[in-house]
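Protein chains: 2
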Amino acid sequence: MRDGAPAVIVLAPDSFKGSLDARGVCAAMAIGVRRAGDDVEIRSCPMADGGEGTLDAVLSRGGEWHTQHEVTGASGRHRAARYGVVSTTDGPATIIEIAEIVGLTDADGIAVPVGERSTAGIGELLRGRLDAGARRFMLGVGGSSTNDGGAGMLAALGVRFCDAAGEALAPTPAGLQRLASVDATELDGRLAECSLTLLSDVTNPLCGEHGATTIFGPQKGVRADDIAGLDAVLERYASLVERAVGVRAARAPGSGAAGGLGFALQVLGAVSCSGAEVVAELIGLDQALRGATWAITGEGESDVQTLSGKAPLVVARRARATGVPTTLLSGAVRSAALPALAREFAGCFALPAGPMTLDACIADVATLLADRAEQLARLWRAAR
Amino acid sequence: MRDGAPAVIVLAPDSFKGSLDARGVCAAMAIGVRRAGDDVEIRSCPMADGGEGTLDAVLSRGGEWHTQHEVTGASGRHRAARYGVVSTTDGPATIIEIAEIVGLTDADGIAVPVGERSTAGIGELLRGRLDAGARRFMLGVGGSSTNDGGAGMLAALGVRFCDAAGEALAPTPAGLQRLASVDATELDGRLAECSLTLLSDVTNPLCGEHGATTIFGPQKGVRADDIAGLDAVLERYASLVERAVGVRAARAPGSGAAGGLGFALQVLGAVSCSGAEVVAELIGLDQALRGATWAITGEGESDVQTLSGKAPLVVARRARATGVPTTLLSGAVRSAALPALAREFAGCFALPAGPMTLDACIADVATLLADRAEQLARLWRAAR
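First to last, the sequence lines map onto chains A and L. As numbered in this note's numbering, residues 12 to 395 make up the first sequence, in order. As numbered in this note's numbering, residues 12 to 395 make up the second sequence, in order.
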């Protein structure tokens, strides 16, 4: 190290999905960096992109944790849902991570078929917050198990879905198969006063070959044979909803997020934003980067998708804007993506220290992270 | 990069045994380093430690390749053996890599049982060179398939091994079982005029629990049941040889190298040296490091053994003496050895970019090396 003042190192990784949350990644990286030399100031900025871990990341820098009890999960069973309230320059905002309610990793939610899962709980949470006076919402919409086009949420907010006989239908893919009419006259009027921001890294539309069902349905349990039928159900649903509410959104980028919840939110006036960019703003990443000499980011696996606005790219771009080089340390880095990734990062590195299985990487993730961060820091210090 | 003069980067890896020779490793590393920026001067110094690849490494920096035909291989079949002649400050020296004659990777040699393998070819090559007037020899003794205590070599140089009836015995472990007397009166007198240097990274003695048979026998095919018996044969052989020649060597460090060839060479007056140190001298590593800003070394796998004088450690120590940081880039780095390795290197790194099998690493070694070297160089450049 050249001079007296401690060098400032910013640690701003996303979570390593399936193995370690972003705060855990920061902690492990910090241990390693300090092993290479303790004469540094470490600024830990756990990142997220709107998916699982968004609440954790945003609230790690301030704000209040809250819990709403008796919210309907994807399967219909009640559960508790955490949310956050943070202060922004425009006033307090409610942060909702929909994976808290309809998460793909929730065993209870995925115990029922995807055709019976519903986003009703999202609408219930919004209504509860509206009752409490909240009017600004940010919704991280990654990691959902649902594919209901947001019908459950709309129903919980007053929209009625009926069959040809005028009977109310369940707001689920199964129920919507007999959808004949949508009545939005009872839609909660307070939504018109609201600012809704959709945090997502998904730009897919609701339907079609790049739509929610085709692209994300299979990982939620939609069988290949059922994709076309379910896609048609959502297409018909969307056109009826658009007519009833008077807003078009089915072709908007991000309407395919969270099984079409992105569509329903945009019908309600939500603006779709890069989840990682909004999280970066909320956690004050730019301030943390000010005066820093080096940043390390990372995620579970880096590939070409990383370059379409994932958290590590957002960190690298913002760091570059303040003259700070950013190194990527992910669980794995796809070799095919290296040439493109190399242009964005001051080196791209992965966890294994030799031939190793995925299971071994996951089992040992914190140790491997600390070891790799230490070695990167040793090289970085030697080069300075 | 800060200033105008191109930074000088020294690439000084050992071979990645079983996948790529040291020159290939240098070439792959150079490709990667240049991808990170072409404004550098690269000095490639393939290293070796006295084992396979020693001739390649030494002769890559100058000297002449030669071949002696009709040399006896380990199995008794004739073969051609390459050797080198290099000029040193003390005059020309013959470099012999014994793996060229009795190599463990030679399918023909290991086709016969270890009890019948012999180092006779080493003695034949020495005799041929003595006939040509050579008096200075350096023998890289790593990677042998033999366990004959060097009896074959001594026999080729004039020593007679006899049974109780005075009949000549084959100079092999099997033959020596009936050894009763050793006659060194016909030992080639020209050896007394010679300088012999044994290049090795082995400090084991000839016999006992740390001896050649116990430690290295099994990888050559010595069965567990046969270790004690063979060890006793070599112990008796050694005491008779020592008495006949008038030199004690069985307990000297390195006498257990190459199945006891180290013993026989030391009986002939050879000095045992660190193979990596001698190779570093022969290839002019210190000169290459002069004015350099960074060095990269590596080997197939780095573990605690690396710290007992393997090529990467020798590179790092010499580089440090001239103020050059050295980064380790190996096929794999054992996690348990990291704390100790970290003290010697400016970062320790491995080939995989994610979970990966050993076979996949080996199959793709050159690509992975170039990729990793590129990423290391990107971090190094960003930190400067």
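Idealized CB from N, CA, C, for every residue including glycine.
Residue i, DSSP secondary structure in three states
i	result
residue 356(A)	coil
residue 173(A)	strand
residue 19(A)	strand
residue 28(A)	coil
residue 284(L)	strand
residue 383(A)	helix
residue 12(A)	Low per-residue confidence applies at residue 12(A): pLDDT is 47, beneath 50, and the placement is therefore not dependable enough to give any value.
residue 210(A)	strand
residue 389(A)	helix
residue 93(L)	strand
residue 54(L)	strand
residue 332(A)	helix
residue 324(L)	helix
residue 233(A)	coil
residue 262(L)	coil
residue 343(A)	strand
residue 312(L)	strand
residue 338(A)	strand
residue 61(L)	coil
residue 307(A)	strand
residue 99(L)	strand
residue 37(L)	helix
residue 71(A)	coil
residue 43(A)	helix
residue 410(A)	Outside the displayed range of chain A (12 to 395) lies residue 410(A), so it cannot be described from this structure.
Buried versus exposed call for residue i [16 or more other C-beta atoms within 10 Å across all chains shown]
i	result
residue 402(A)	Nothing can be reported for residue 402(A): it is not among the residues displayed for chain A, which extend from 12 to 395.
residue 111(A)	buried
residue 12(L)	Note that residue 12(L) scores a pLDDT of 47, beneath 50, so its modelled location is shaky; the value from the coordinates is reported in the next line. Result: exposed.
residue 386(L)	buried
residue 55(L)	buried
residue 358(A)	buried
residue 374(A)	exposed
residue 32(A)	buried
residue 305(L)	buried
residue 298(L)	exposed
residue 52(A)	exposed
residue 84(L)	buried
residue 81(A)	exposed
residue 116(L)	exposed
residue 313(L)	buried
residue 242(L)	buried
residue 326(A)	buried
residue 391(A)	buried
residue 170(L)	buried
residue 363(L)	buried
residue 388(L)	buried
residue 73(L)	exposed
residue 114(L)	buried
residue 213(L)	buried
residue 347(A)	exposed
residue 237(A)	buried
Beta-bridge pairing of residue i - partner residues as DSSP gives them
i	result
residue 367(A)	367(L)
residue 378(A)	DSSP lists no partner for residue 378(A).
residue 77(L)	94(L)
residue 289(A)	Per DSSP, none; premise fails for residue 289(A).
residue 361(A)	341(A)
residue 83(A)	89(A)
Neighbour flag for residue i against chain D, beta carbons, 9 Å
i	result
residue 308(L)	This model lacks chain D altogether; the protein chains it does include are A and L.
Any chance the segment 220 to 234 of chain L sits against the segment 175 to 182 of chain L, with 3 or more Cβ pairs inside 8 Å?
no
What alpha helix (DSSP H) runs, 4 residues minimum, are completely inside the segment 180 to 206 of chain A?
184 to 187
Does the count of Cβ pairs from the segment 374 to 390 of chain L and the segment 32 to 43 of chain L closer than 8 Å reach three?
yes
Any alpha helix (DSSP H) of 4 or more consecutive residues that is wholly inside the segment 102 to 168 of chain L
110 to 113, 131 to 142, 162 to 167
Using 8 Å as the cut-off, can you tell me whether the segment 287 to 306 of chain L makes contact with the segment 59 to 68 of chain L, which would need three or more C-beta pairs spanning the two stretches below that distance?
In short, these stretches touch, since the Cβ pair count reaches three.
Given 8 Å, three or more beta-carbon pairs between the segment 211 to 231 of chain L and the segment 268 to 275 of chain L
yes
Decide yes or no for the touch test of the segment 263 to 271 of chain A against the segment 346 to 358 of chain A: beta carbon pairs closer than 8 Å, at least 3 of them.
The answer is no - the segment 346 to 358 of chain A does not touch the segment 263 to 271 of chain A, with fewer than three Cβ pairs under 8 Å.
Are at least three pairs of beta-carbons, each pair with one atom in the segment 94 to 104 of chain A and one in the segment 314 to 325 of chain A, less than 8 Å apart?
no
Counting Cβ pairs, one atom from each stretch, are 3 or more of them under 8 Å apart for the segment 181 to 192 of chain L and the segment 118 to 138 of chain L?
yes
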